[in-house]
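Note that my numbering has the sequence shown beginning at 54, numbered continuously upward.
Worksheet: one structure, shown below.
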Amino acid sequence: MLLDREAELDLAAAALQAGCGALILVTGPLGVGKSALLDGIGALGEAQRARQLRVSAAPMERGFPLGVARQLLEPALRDASHAAAERWTTGPARAARTALDSGWPGGEEAQRAVLHGLTALVENMGRDQPLLMLVDELQWADRATLRWLRHLGERLAALPVVLVCAVREGDTLAGDPDVQQVIGHATETLRPGNLPLDGSAGLARQHFGEAADEAFVHACHEATGGNPLFLGSVLADAASQGLRPTPEHARAAAALRPAPLQRRLLLRLDAQSEPVRKLARAVAVLGTQATPELLSRLTGLDAAVRDQALRHLTSLGLTTGMRCPRFVRRLVQEVVEEGVPPTERTALHALAAELLHRTGRPPERVARHLMALTAPTWPWATEVLRAAARSAQRRGAPEVAAGFLRRALLDGPPDAERAQLLVDLATAERSFAPYAAVRHIAQAALLLDEPEQRAKALVRLAPTSFASTLLPVQELLREVADALGPEERLWGPDRELALRLEARLRHSSLPEPDELADSVNRLLHKGPEPRMDTVGERELLAPLLAAATFANALPAHKVAPMANRLLESEPALATHVHTTAPLVVASLVAADSLDSLGAWLDRVEQTATGRQTRMEQALVGTEQALVSLASGRLAEAKERALAAYELGGAKNEEVFTVSSMTLAMVSIPTGDDALAQRLLAGTSRAADDPYVWSVLSMLKGQCAARKGDLELGLSHFLNAGRRLEQCGWLNPALLPWASAAALVHFYLGNQEQAAELSSLEVERARVWGAPGSLGRSLRAHAQVLGGPEGTEVLQEAVDVLQGSNNRFELCQALLELGERHGPDDPRGREALLGARAEAVACDLPWLVRRAEERLAEATTPGPTGNQLTPAERKVAELAASGLTNKKIAEFLNITCRAVEKHLTNCYRKMSIRGRMVLADSLRELDRSTDFPGAAASG
């Protein structure tokens with residue numbers, strides 16, 4: 054099937070149907086399908102019962118006079134009956150038969166007789182049956198045949214013959230006067246172009262026998278530009294290698310460079326003149342850096358010859374543009390560059406590097422050519438490679454930067470220079486190969502003598518990369534820190550280095566109880582407003598705040614302000630994941646202080662767009678997922694955590710571990726069994742990280758409990774708690790293992806153990822004081838207690854959670870309180886309505902259904918769904934009295950975000966737009982509903 058050639062075929066069909074002679078020219082650059090279009094025209098002729106004569110000229114036959122004419126006409130004469138052959142070759146056509154048998158005569162008069170005879174021959178053949186003559190690669194035809202075709206073209210209008218000639222654009226011989234005289238008689242010119250995207254999809258279907266995925270088609274189309282020859286070669290190669298047309302194989306297929314296509318392109322170039330070949334190789338070597346001036350200096354061609362060669366490459370369909378010449382596709386550039394002899398290629402790259410450096414071009418452009426050399430001899434080469442690496446790092450391409458630096462290291466620089474190159478390499482590698490970065494920093498430290506130099510190298514390390522390396526990183530950190538001296542005796546840059554070294558040591562020692570306690574004391578000695586003006590001060594404060602959080606040594610209302618102040622001073626960059634800053638995220642999530650954190654992470658995402666690596670993007674995604682989870686937006690948390698999990702992939706162990714842990718934390722409250730099994734089937738460095746190990750242990754416990762194996766579930770919950778307590782991590786905001794174990798004890802009938810564990814968690818949650826974790830602990834404790842005492846505790850949980858960012862926990866507490874009171878009790882109905890509203894806001898359909906089912910059980914009609922909760926009523930009254938959100942938050946001791954949420958719910962329930970009509974709406978609501986708390990709140 055000929056794809057996307059309907060317009061060209063319609064023109065050819067019209068010429069065939071006209072009943073009079075015509076010459077149709079088919080032209081275009083290499084690979085656009087001229088021969089295929091001739092096939093299509095031939096099929097049209099066959100459908101219209103035309104006699105078809107076809108020939109394809111070849112370069113090696115140009116020395117044989119009438120060689121193409123013989124190949125065109127002799128098969129018809131040979132296959133014709135004796136009577137038909139006699140009829141065709143009578144009269145003037147007898148000279149044609151003689152020439153075809155004996156060859157091209159020598160005299161001018163005899164030659165003219167042959168030309169008339171050949172024309173008479175095709176005229177006679179056309180009288181028997183309409184004649185379609187197809188000549189492919191006309192530019193390679195011999196001169197005698199060209200003279201005849203010109204003679205025929207002059208007389209075609211009176212003959213029942215359609216002549217179709219295909220000429221390759223850009224071919225040197227296409228400009229030959231004899232060829233131009235033939236095509237000058239063309240009545241139609243068909244110029245097929247590249248296939249559009251849907252045409253590429255059709256070609257892919259032909260090759261694979263099935264519909265190709267859109268991503269696969271797009272990748273192959275982009276790589277080839279839809280050129281039928283290029284695209285067909287890539288698709289055929291992909292099919293032969295067993296690649297199916299699916300998204301997974303799109304990149305691999307687009308990267309194919311089929312050998313037959315390479316040979317054809319290189320043969321095409323080899324047939325060109327020396328200036329054209331030299332220029333093509335120079336454009337391939339320079340790539341996007343090619344300019345006319347650079348091309349002249351690289352090839353030695355003057356401007357006139359250079360421009361003529363450029364125009365010729367463009368006419369061949371290989372390049373585009375004169376001011377900034379480029380190959381039409383990267384595929385073509387790579388094929389041409391690979392075809393340059395190695396010695397010549399090296400010389401071109403060397404000359405290009407020197408020219409670009411001498412003319413002050415950006416380091417990355419120079420470095421591209423240095424990368425192709427085995428041993429650059431210039432003294433400036435190493436510094437250019439380092440500068441190129443810095444440039445690549447700034448634009449978010451650390452793997453490119455690492456390539457430049459590895460190339461610089463191959464040249465065997467002196468130890469001091471080698472050490473700095475290793476440090477730069479590690480800085481790039483921490484974004485995609487963190488453990489290689491640790492190894493290279495350790496190597497650099499061995500090459501440096503001064504403590505300050507070694508410290509500068511070590512602070513480039515990402516703290517999270519220490520855990521899974523066998524190298525003695527902590528010992529190296531301590532050794533250098535001791536050599537540098539204590540922070541209080543230092544100043545300036547040395548003090549900054551000491552703080553940053555200490556930050557990494559304290560980060561790595563968080564799971565050690567003694568070191569944890571020491572970090573808490575270090576924080577207390579800094580006072581309520583520690584300094585955080587410098588990077589070192591902020592890097593150290595993050596693990597100190599984490600220690601206080603994990604150990605539950607300071608309440609949330611003291612930790613959160615310091616953490617928020619730190620965040621205000623910290624630049625919102627994706628590279629914060631390579632520092633101790635992620636610990637600040639953990640502290641704020643545990644403290645239920647999310648407003649500033651969420652906004653800061655949004656700024657990180659905005660500033661990092663297009664610049665962060667996959668690793669950084671995935672780690673930031675897990676932080677955003679934790680914020681969504683702590684806000685009760687479970688669907689959003691799952692979506693973000695899954696995206697980070699898929700983005701990081703299993704190869705990057707650090708990202709895989711963190712994203713797995715985040716996904717596990719999402720699957721625990723949602724009860725997503727499929728997700729839980731997927732996570733538990735994976736492998737990570739869980740045994741090395743106590744928190745990850747404990748989270749996965751909690752996940753195992755939940756899976757076991759849901760399957761009915763309560764004893765196994767209890768064992769997993771208790772194991773998680775033991776592992777955390779071994780580290781001195783006593784904050785229930787990290788992981789509510791005690792309440793989970795308490796509920797299993799309760800279901801097993803172990804009331805005493807259940808009460809003991811749930812009381813322990815409530816006690817610790819009160820010490821921490823964050824409303825989210827305290828409300829969650831109170832809700833579990835209420836289930837264990839039962840009865841009126843449990844209802845009172847549950848009411849406290851609801852009151853506490855009204856000031857929390859975690860609307861999921863509030864929804865569950867309201868739902869359980871409503872179920873305790875029952876839908877016929879005004880308090881129960883109010884709680885159920887509040888639970889339903891929160892479930893809708895959090896996109897929790899299963900909780901919406903549960904609340905509606907309980908409300909439907911009411912035996913007496915109750916107030917409608919516009920009922921305000923007591924907390925909403927109080928906030929609405931204060932707002933109606935004229936207080937600002939900030940004043941309301943201070944008066945009720947809740948966050949401004951909680952005030953905003955309550956007011957939003959009020960506006961929605963009362964169908965109003967803002968506080969200007971709030972007072973009137975409250976009075977109207979009191980008249981239309983029997984508000985249980987109206988008198989009390991008034």
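The beta carbon of each residue, even a glycine, is placed where N, CA and C say it ideally should be.
Bear in mind that the values here come from a model prediction, so they are computed numbers and not experimental data.
- Contact check for serine 811 and serine 792: beta-carbon distance about 6 Å, within the 8 Å limit, so the pair qualifies.
- Under the three-state reduction of DSSP, glutamate 528 is assigned to helix.
- Counting only unbroken stretches of 4 or more residues, the alpha helix (DSSP H) elements lying wholly within the region 211-253 are 230-236, in sequence order.
- Note on the region 639-722: whole alpha helix (DSSP H) runs with a minimum of 4 residues are 648-661, 667-683, 687-701, in chain order.
- Given a length threshold of 4 residues, each whole run of the alpha helix (DSSP H) inside the region 84-136 is given here in chain order: 87-100, 120-132.
- Within the region 943-968, the runs of alpha helix (DSSP H) that reach at least 4 residues and sit entirely inside it are, in chain order, 949-963.
- About 7 Å separates the beta carbons of valine 232 and valine 220, which is inside the 8 Å limit, making them a contact pair.
- The beta-carbon distance between glutamine 920 and leucine 886, rounded to whole angstroms, is 5 Å. This is short enough to meet the 8 Å contact definition.
- Take the alpha-carbon of serine 561 and the one of methionine 424: they are about 38 Å apart.
- Here the region 319-328 makes no contact with the region 398-406; the two share fewer than three CB pairs at distances below 8 Å.
- A contact is defined here as three or more CB-CB pairs under 8 Å, and the region 795-809 fails this definition with respect to the region 580-594.
- Shown here for arginine 471: same chain residues with a beta carbon closer than 7 Å to its own, the five before and five after excluded, namely Leu462, Leu500 in chain order.
- Counting every other CB atom within 10 Å of its CB across the protein chains shown gives tryptophan 193 a total of 16 or more, marking it as buried.
- Per the coordinates, the alpha-carbon of leucine 339 lies some 19 Å from the alpha-carbon of glycine 456.
- Closest in alpha carbon position to asparagine 605, among Ser622, Leu594, Ala570, Ala627, is Ala570.
- Counting C-beta pairs closer than 8 Å gives three or more between the region 136-145 and the region 176-189, which meets the contact rule.
- Judged by DSSP secondary structure, methionine 186 falls within the beta strand (DSSP E) whose first and last residues are 184-189.
- Residue burial annotation: proline 525 is exposed, with fewer than 16 other C-beta atoms found within 10 angstroms of its C-beta.
- Shown here, phenylalanine 380 sits in a strand according to DSSP, grouped into three states.
- Boundaries of the beta strand (DSSP E) harbouring glycine 81: 75-81, taken from the DSSP string.
- Separation of serine 484 and leucine 458 (C-alpha to C-alpha, rounded to the nearest whole angstrom) is 15 Å.
- Per DSSP, reduced to three states, the secondary structure at threonine 277 is helical.
- Under DSSP, threonine 372 shares a beta bridge with Phe380.
- Taking a C-beta distance under 8 Å as the contact criterion, leucine 76 and alanine 239 qualify as a contact pair.
- Proline 487 carries a helical assignment under DSSP once its states are collapsed to helix, strand and coil.
- Alanine 890 and alanine 600 have their alpha carbons spaced roughly 37 Å apart.
- Along the length of the region 755-806, whole alpha helix (DSSP H) runs at least 4 residues long occupy 763-779, 790-800, reported in chain order.
- For leucine 870, the enclosing alpha helix (DSSP H) has its first and last residue at 860-874.
- For proline 345, the enclosing alpha helix (DSSP H) covers residues 345-352.
- By the Cβ criterion, the region 289-304 is in contact with the region 264-278, since at least three pairs of Cβ atoms, one from each stretch, lie closer than 8 Å.
- Check the Cα spacing between glycine 871 and each of Glu910, Leu897, Leu838: the tightest is with Glu910.
- Counting along the chain, the unbroken alpha helix (DSSP H) around leucine 594 starts and ends at 588-604.
- Between the region 433-450 and the region 414-423 there are three or more C-beta pairs closer than 8 Å, enough to call the two in contact.
- Residues of the same chain with a CB within less than 6 Å of the CB of threonine 922, apart from the 5 flanking positions on each side, are Gly887 in chain order.
- Boundaries of the alpha helix (DSSP H) around histidine 204: 196-208.
- Bounds of the alpha helix (DSSP H) holding lysine 611 are 609-622.
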